Amino acid sequence: MSSELLKAFNTLKEKQWVDLTHTFGANSPHFAAFKAAEIDTLFNHDDGFFAQSFQFAGQYGTHIDAPIHFVRDTRYLEELELKELVLPLVVIDQSKEAAEDNDFTLSVDDIFTFEKAHGKIEEGSFVALRTDWSKRWPDEKEFNNKDAAGNNHAPGWGLEALKFLFQERKIKAIGHETFDTDSSADYLKNGALHGEYYVLEQDTYQIELLTNLDKLPATGAIIFNIVPKPEKASGFPVRSFAILP
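Following this note's numbering, the numbering of the sequence shown begins with -16 at its first residue and continues without gaps.
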């Protein structure tokens, strides 16, 4: 290992590392259309070794969505480049707003307000929306937050805000703490996840069900999204973490 690379490695090891990933299991919150995860023991130590079988949807727990998840003829998970998975991290904190209005939807004005305080969002960034929704984990009822009519109420990205970030700020990817990119209010209004489709149409990925965003600075950290490489996958549980400046 070169002295330059070793020095960089040692510098990173001295920094604070923050896990952004939920531990998940059979009883964890999950998208309503998916079955709960099934984790079975195949062999135990009495057999000589401990081995398990895991069955769950690719979009389970803290996970990565590849472009193919929503958009035909685009990239599968295995086609994402390693350097795409490690990016400068920007965290837009809207936790107070989401607590006051569970249907909070991020707007372009919210981005301008953020930039007045923290500077212009840099090209190539990973932008995470902090709502503190992850603090409801692992209570599925609290996470879904349904009303009497059975409609979910959860915060999310507005489509115009996403367009601004990708087209004007030229960001690389996004992440959030909820099941979906779009706020529940926008989904109920549109009958479709227009925001999620737009993001994946940009030939990039997103990370869903992030946690511990409240432990991160607004700017200056780096996010790592470490994921297995299954063949022809639309998504998979991910181990996301951040290194603080």
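Just so you know, even glycine gets a beta-carbon here, dropped at the ideal spot from N, CA and C.
None of these values were measured; they are calculated from a predicted model.
Whether residue i touches residue j by CB criterion (9 Å)
{"i": "Lys17", "j": "Phe53", "result": "Looking at the sequence provided, one finds Phe at residue 17 rather than Lys. Taking 9 Å as the Cβ cut-off, Phe17 and Phe53 do not qualify as a contacting pair."}
{"i": "Phe37", "j": "Phe26", "result": "no"}
{"i": "Gly218", "j": "Ala49", "result": "yes"}
{"i": "Ala137", "j": "Asn127", "result": "yes"}
{"i": "Thr194", "j": "Val182", "result": "no"}
{"i": "Leu(-11)", "j": "Thr45", "result": "no"}
{"i": "Gln35", "j": "Ile22", "result": "yes"}
{"i": "Ser167", "j": "Gly203", "result": "no"}
{"i": "Ala144", "j": "Asp93", "result": "yes"}
{"i": "Phe207", "j": "Leu68", "result": "yes"}
{"i": "Val74", "j": "Leu(-5)", "result": "no"}
{"i": "Ile205", "j": "Leu72", "result": "yes"}
Segment limits, alpha helix (DSSP H) that includes residue i
{"i": "Ala144", "result": "142 to 146"}
{"i": "Lys153", "result": "Run containing Lys153: none; DSSP gives neither H nor E here."}
{"i": "Phe126", "result": "123 to 127"}
C-alpha distance - residue i paired with residue j, whole-angstrom precision
{"i": "Ile190", "j": "Ile47", "result": "5 Å"}
{"i": "Asp174", "j": "Asn134", "result": "Per the sequence shown, residue 174 should be read as Gly rather than Asp. For Gly174 and Asn134, the distance between alpha carbons rounds to 12 Å."}
{"i": "Ala201", "j": "Ala131", "result": "36 Å"}
{"i": "Leu142", "j": "Gly178", "result": "5 Å"}
{"i": "Phe224", "j": "Lys172", "result": "34 Å"}
{"i": "Lys124", "j": "Asp115", "result": "16 Å"}
{"i": "Lys212", "j": "Glu61", "result": "5 Å"}
{"i": "Lys103", "j": "Lys146", "result": "16 Å"}
{"i": "Tyr188", "j": "Asp29", "result": "42 Å"}
{"i": "Ser78", "j": "Arg222", "result": "23 Å"}
Host beta strand (DSSP E) of residue i (start-end)
{"i": "Ile157", "result": "156 to 159"}
Cβ-heavy atom distance, residue i to the ligand SAM, below 8 Å
{"i": "Pro211", "result": "Summarising the ligand content, the structure contains no ligands, and the ligand SAM is consequently not present."}
Rounded Cβ spacing between residue i and residue j (contact assumed at less than 8 Å)
{"i": "Gln(-1)", "j": "Leu148", "result": "No, Gln(-1) and Leu148 are not in contact; Cβ-Cβ is about 26 Å, not under 8 Å."}
For this session: At 3 residues or longer, and completely inside the region -8 to 69: list those beta strand (DSSP E) runs for me, N to C.
Result: 0 to 2, 21 to 26, 34 to 38, 46 to 48
For this session: Tell me the start and end of each unbroken beta strand (DSSP E) in the region 174 to 221 that is at least 3 residues and wholly inside, in chain order.
Result: 189 to 191, 204 to 209, 218 to 220
Problem set entry | Complete runs of the alpha helix (DSSP H) confined to the region 84 to 121 [at least 4 residues] | 91 to 101
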